[in-house]
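Engineer:
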Amino acid sequence: MRWGMLASAAALVLGAGAAQAQPVLHAVGIENEYADVMSQIGGPYVRVSAIVTDPNTDPHEFEISPQVAGELASADVVVENGLGYDGWADKLLSGTHATVISAQRVRNLPNSTPNPHLWYDPATMPAVAKAVADAFATKDPAHAAYYQGQVTVFDASLKPWLDELAQVKAHYAGTPVAVSEPVADYLLQAAGMKILTPFTLEEAAMNGTDPAPQDVSTQQDLLVSRKVAVYVFNQQVQDTLSDSFRALAQQSNLRVLGVYETMPKRAKSYQNWMLGETKTLAEDLAAGGQ
Amino acid sequence: MMLLQPGFLASVPVQNALLIGAGAALLSGAAGVFTVLRSQSFAGHALADVSSAGGAMAYLLGISPLLGFFSLSVLGALALEVIGTRRAAERDLAAGIVLGAGMGGTALLLYLDVTVKGSAGAAVSVMFGSLFAAPPGLGVAVALGALAGLLGLGLIYRPLLLASLDSELAKADGVNTRLLGTAYLLLLALAVTLSAMAVGAILSTALLIGPAAAALRLAHSPAAAMGLAALLGLFCAWGGVWLAYQSYGWTPGHVWPVSFFITALVLAVYAVASLVRRG
Chain A
1 MRWGMLASAA
11 ALVLGAGAAQ
21 AQPVLHAVGI
31 ENEYADVMSQ
41 IGGPYVRVSA
51 IVTDPNTDPH
61 EFEISPQVAG
71 ELASADVVVE
81 NGLGYDGWAD
91 KLLSGTHATV
101 ISAQRVRNLP
111 NSTPNPHLWY
121 DPATMPAVAK
131 AVADAFATKD
141 PAHAAYYQGQ
151 VTVFDASLKP
161 WLDELAQVKA
171 HYAGTPVAVS
181 EPVADYLLQA
191 AGMKILTPFT
201 LEEAAMNGTD
211 PAPQDVSTQQ
221 DLLVSRKVAV
231 YVFNQQVQDT
241 LSDSFRALAQ
251 QSNLRVLGVY
261 ETMPKRAKSY
271 QNWMLGETKT
281 LAEDLAAGGQ
Chain B
1 MMLLQPGFLA
11 SVPVQNALLI
21 GAGAALLSGA
31 AGVFTVLRSQ
41 SFAGHALADV
51 SSAGGAMAYL
61 LGISPLLGFF
71 SLSVLGALAL
81 EVIGTRRAAE
91 RDLAAGIVLG
101 AGMGGTALLL
111 YLDVTVKGSA
121 GAAVSVMFGS
131 LFAAPPGLGV
141 AVALGALAGL
151 LGLGLIYRPL
161 LLASLDSELA
171 KADGVNTRLL
181 GTAYLLLLAL
191 AVTLSAMAVG
201 AILSTALLIG
211 PAAAALRLAH
221 SPAAAMGLAA
231 LLGLFCAWGG
241 VWLAYQSYGW
251 TPGHVWPVSF
261 FITALVLAVY
271 AVASLVRRG
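Sequence order for the protein chains is A and B.
FYI, in the UniProt record's numbering the residues of the first sequence are 1 to 290.
FYI, in the UniProt record's numbering the residues of the second sequence are 1 to 279.
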């Protein structure tokens, strides 16, 4: 009885404490994986929204609406991917007061970088998190220490994922894999996988251009002759060619790994999502080796 | 340079492309002779444009593109019949309006493809074709469709020829020209559907009327023109596939669109035929 009362009193105090922390900043992540990291850094002091969130559609093909323009106009800090992946956002952001952080610029990558899916690279989010904390601290100096502290928390929370990547690399480095398009290439490379799919074929799939029959033959041979251990495809893109590769991989009893381009709703956090996909890869590799 | 690179004929996407190209070219060439004789080029183009809505729909529903294109193409043919043929002068008008409605539907469906299904390349694929990305079973389906179409064309060949050359004489001879016209439009719908599989909806008229117009300039009888048009179409389709395969080395790692080569060959064949006729 007494303990119960104490507990509810504590809940009251905590509740009041949380209610006092009104968001001071409005931040927007163009893609929801960036928004997720921003809200981990901003905590209760930043209201974060995401523009591209639908795991069923391809972010490359995003259509701009007046609501999106309004959302960006009121933002204090915006994180975009860059590399032309979300180039439409630049047009909407020119003339707003927002501090714009581009993952491409944070990573110092040239415009000619062929694979734009930077968030799959373990080096990207720590750099983005730091830039986000700096931007938050400039716009809201009162909570600067909190933001910087959250970067340390975020970096530490990446450890299980990085450990898993290192473990996969230790066990399976050099394992050949085939992919439908470049979405998860950075992660696969970080795990030591050897991607045998011609990059021109990945590019054609990503950009929706005609694939070269030479490349299609190469890919079909990889799958039919079982020259790869795993076939990795993008769950958010549907086209006849990618479907036919997946069918071939399944006929050859290869492990098929579906990955997401934007953060799926069931993922608890960015770290959690990446860890999950890396664990599935490890399971597929373990099963494929038998 | 070797004429046939090693691996050309062994490549599964090339085999598929050759089969689709052959089916499309043979039926479109033969049926195209009547399209030219009956001055229905614009109707053919309208059907092709309307069929693009079906192509876009196929992505959305996840059904075979052949089925999608053909169902809308048939719908377009029936619409043309219902609205337009009572007065010949209104035929182009009806075709234009049906075309516009069809393309409007395509715009909506392509938008949905991209936003709902994430099919990034749907628009280019439906409009301009992507022969090397065709699903593996499509080649056989197109070949069978072409066979059925050629059989149907053979069945109505005599009365259709009579009605196309002299409609009044055909009526006096007891031919139901209205029914015949509808049957022919349905065959035309099949022909443009198969051609759309090869070169996309917008370009499919090229395979329909180009080889036929060239053949009519060279051949002395309609039957000979049909055979020649089919062969010329086959030359353009296969030549286009071969050239596209060759283009792999021109811009490293990429092939130029097959549709570009096929339509360029159609233009060349037509130009040569015109010169031969004049000379």
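By construction, the Cβ of each residue, glycine as well, lies at the ideal position given by its N, Cα and C atoms.
Since the model is a prediction, treat every value here as computed from it, not as a measurement.
1. Report yes or no: do three or more beta-carbon pairs, one from the stretch 96-105 of chain B and one from the stretch 197-215 of chain A, lie closer than 8 Å?
2. With 8 Å set as the bound, which would you pick, yes or no: does the beta-carbon of Gln251 of chain A sit closer than that to a beta-carbon of chain B?
3. Note down, in chain order, each residue of its chain lying with its Cβ closer than 7 Å to the Cβ of Ile41 of chain A, except the 5 sequence neighbours on either side.
4. Between Val175 of chain B and chain A, is there a C-beta pair that is closer than 8 Å?
5. Could you pull out every residue in the same chain whose Cβ sits closer than 7 Å to the Cβ of Phe34 of chain B, ignoring the five residues on either side in sequence?
6. Just verifying my parser: in three-state terms, what is the DSSP assignment at Gly288 of chain A?
7. Is it buried or exposed, Val52 of chain A, if we count other Cβ atoms within 10 angstroms and call 16 or more buried?
8. Of all the alpha helix (DSSP H) runs that stay within the bounds of the stretch 110-140 of chain B, which reach a length of 4 or more residues?
9. Give me the chain A residues within the contact set of Ser11 of chain B, using Cβ-Cβ distance strictly less than 8 Å, ordered along the chain.
10. Of all Cβ atoms in chain B, is any one closer than 8 Å to the Cβ of Leu6 of chain A?
11. Taking the Cβ atom as the reference point for each residue, do Ala212 of chain B and Gly32 of chain B lie within a distance shorter than 8 Å?
12. I'd like the span of the beta strand (DSSP E) that includes Ile30 of chain A, first residue to last.
13. Please list, in chain order, the residues of the stretch 227-247 of chain A that have any C-beta partner in chain B closer than 7 Å.
14. Near Glu277 of chain A, which residues of its chain fall below 6 Å by C-beta distance, leaving aside the five closest residues on each side in sequence?
15. Could you pull out every residue in the same chain whose Cβ sits closer than 8 Å to the Cβ of Leu151 of chain B, ignoring the five residues on either side in sequence?
16. Shorter than 8 Å from the beta carbon of Lys171 of chain B to some beta carbon of chain A?
17. Jot down the residue ranges of each uninterrupted alpha helix (DSSP H) in the stretch 199-261 of chain A, minimum 4 residues, whole runs only, in chain order.
18. Could you name the residues that DSSP lists as bridge partners for Glu80 of chain A?
19. Taking DSSP as the reference, what is the three-state secondary structure of Ala50 of chain A?
20. Using a Cβ-Cβ cut-off of 7 Å (strictly less than) and excluding sequence neighbours within five positions of Ser73 of chain B, which residues of its own chain qualify?
21. Assign Ile101 of chain A to one of two classes, buried (16 or more other C-beta atoms within 10 Å of its C-beta) or exposed (fewer than that).
22. For Met1 of chain A, which three-state DSSP category applies?
23. Short check: CB of Leu158 of chain A to CB of Gln236 of chain A, under 8 Å?
24. In chain B, which residues lie with their C-beta within 7 Å of the C-beta of Gln220 of chain A?
25. Locate the beta strand (DSSP E) running through Pro176 of chain A, then write down its first and last residues.
26. Is the distance from the Cβ of Leu196 of chain A to the Cβ of Lys169 of chain A below 8 Å?
27. Helix, strand or coil for Ile195 of chain A per DSSP?
28. Which of the residues in the stretch 231-257 of chain B, read from start to end, lie with their CB under 7 Å from any CB of chain A?
29. Measuring CA to CA, which of B:Ala268, B:Val114, B:Gly137, B:Ala225 is closest to Asp54 of chain A?
30. Taking C-alpha atoms, which residue in A:Glu261, A:His171, A:Leu93 lies nearest to Pro182 of chain A?
31. Taking a contact to mean a Cβ-Cβ separation below 8 Å, would you say Leu109 of chain A touches Leu93 of chain A in this structure?
32. At which residues does the alpha helix (DSSP H) containing Ala212 of chain B begin and terminate?
33. Would Gly129 of chain B and Val258 of chain B be called neighbours here (beta carbons separated by less than 8 Å)?
34. Report yes or no: do the stretch 199-217 of chain B and the stretch 229-241 of chain B share at least 3 C-beta pairs separated by less than 8 Å?
35. Is the shortest distance between the beta-carbon of Ala141 of chain B and the beta-carbons of chain E less than 8 Å?
Structural biologist: So, to answer that:
1. By the Cβ criterion, the stretch 96-105 of chain B is not in contact with the stretch 197-215 of chain A, since fewer than three pairs of Cβ atoms, one from each stretch, lie closer than 8 Å.
2. Not a single CB atom of chain B sits nearer than 8 Å to the CB of Gln251 of chain A.
3. Once the five neighbours on either side are set aside, the close Cβ partners of Ile41 of chain A are Ala129, Val132, Ala133, Phe136, Tyr147, Gln150, Val151, Phe154.
4. By the rule that beta-carbons nearer than 8 Å mark a contact, Val175 of chain B does not touch chain A.
5. Listed in chain order, the non-local C-beta contacts of Phe34 of chain B below 7 Å within the same chain comprise Leu160, Ser164, Tyr184, local neighbours out to five positions each way being set aside.
6. Three-state result, Gly288 of chain A: helix.
7. Buried is the call here.
8. Entirely contained in the stretch 110-140 of chain B, the alpha helix (DSSP H) runs reaching 4 residues are, in chain order, 122-128.
9. Simply Pro213, Gln214, Val216, Ser217.
10. Unreliable positioning characterises Leu6 of chain A in this predicted model, as indicated by a pLDDT of 44, which lies under 50. A coordinate reading is not provided.
11. With contacts defined by Cβ atoms closer than 8 Å, Ala212 of chain B and Gly32 of chain B form a contacting pair.
12. Looking at the DSSP string, the run of the beta strand (DSSP E) that includes Ile30 of chain A is 25-31.
13. Per Cβ criterion, the list reads Gln236, Val237, Gln238, Asp239, Thr240, Leu241, Ser244.
14. Excluding its 5 nearest sequence neighbours in each direction, Glu277 of chain A has C-beta neighbours in its own chain below 6 Å: Val259, listed in chain order.
15. None.
16. Contact of Lys171 of chain B with chain A is not assigned, every C-beta pair being separated by 8 Å or more.
17. Counting only unbroken stretches of 4 or more residues, the alpha helix (DSSP H) elements lying wholly within the stretch 199-261 of chain A are 199-207, 213-224, 240-251, in sequence order.
18. For Glu80 of chain A, which the question treats as bridged, DSSP gives the partners A:Ser102.
19. Residue state, collapsed to three classes: strand.
20. Counting only Cβ-Cβ distances below 7 Å, and skipping sequence neighbours, we find Leu47, Val50, Ser51, Gly54, Ala189, Val192, Thr193.
21. With 16 or more Cβ atoms within 10 Å of its Cβ, Ile101 of chain A is classed as buried.
22. Low confidence applies here, because Met1 of chain A scores a pLDDT of 39, under 50, leaving its location unreliable and the question unanswered by this model.
23. Their beta carbons are not under 8 Å apart, which means Leu158 of chain A does not touch Gln236 of chain A by this criterion.
24. Per Cβ cutoff of 7 Å: Val12.
25. Segment 176-179, the beta strand (DSSP E) holding Pro176 of chain A.
26. Not a contact, by the Cβ cut-off of 8 Å.
27. Ile195 of chain A carries a strand assignment under DSSP once its states are collapsed to helix, strand and coil.
28. Contacts with chain A (Cβ-Cβ distance below 7 Å) from the stretch 231-257 of chain B involve Tyr245, Tyr248, Gly253, His254, Val255, Pro257, listed in chain order.
29. Closest by C-alpha distance to Asp54 of chain A, out of B:Ala268, B:Val114, B:Gly137, B:Ala225, is B:Val114.
30. Per the C-alpha coordinates, the member of A:Glu261, A:His171, A:Leu93 positioned closest to Pro182 of chain A is A:Glu261.
31. With contacts defined by Cβ atoms closer than 8 Å, Leu109 of chain A and Leu93 of chain A do not form a contacting pair.
32. That run of the alpha helix (DSSP H) goes 204-218.
33. Yes, these two residues count as a Cβ contact at 8 Å.
34. Taking one beta carbon from each stretch, the stretch 199-217 of chain B and the stretch 229-241 of chain B have 3 or more pairs nearer than 8 Å; the two touch.
35. Any reference to chain E falls outside this structure, whose protein chains are A and B.
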